[in-house]
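Participant: In my numbering, the protein residues as written are 254 to 347.
In this text, a Cβ means the ideal position worked out from N, Cα and C, and glycines have one as well.
This is the structure, below, for whatever I ask next.
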């Protein structure tokens, strides 16, 4: 996972993994992204090589927890490349 404090102008790796999980699901807690900062972004990246022909990566049960108040699902999130939000948010009250 990568995070950007400046609207995507630069990115910093928070955490990641490499190698095989031997077909097992592996839970990760990928760290903090600046909360309450309008220019804060995060993204998932997947890089592979041409020698592997297996499935790449599955992301499931992603949970976003905010501590600076409840966000508005209609104004606080942007979707890129046709992605749609199909999850739920668990946020703290201010």
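1. Since residue 257 and residue 264 should fall inside the 8 Å C-beta cutoff, what is the C-beta to C-beta distance between them, to a whole number of angstroms?
2. Which value, in whole angstroms, describes the spacing of the CA atoms of residue 293 and residue 282?
3. From residue 262 to residue 303, what distance separates their C-alpha atoms?
4. Taking DSSP as the reference, what is the three-state secondary structure of residue 256?
5. For residue 277, does the three-state DSSP call read helix, strand or coil?
6. Determine the closest residue to residue 260 out of 274, 291, 278, 268, with distance taken between C-alpha atoms.
7. Between which two residues does the beta strand (DSSP E) carrying residue 294 extend?
Facilitator: According to the structure shown:
1. 5 Å
2. 18 Å
3. 29 Å
4. In this structure, residue 256 counts as strand in the three-state DSSP scheme.
5. coil
6. 291
7. 294-296
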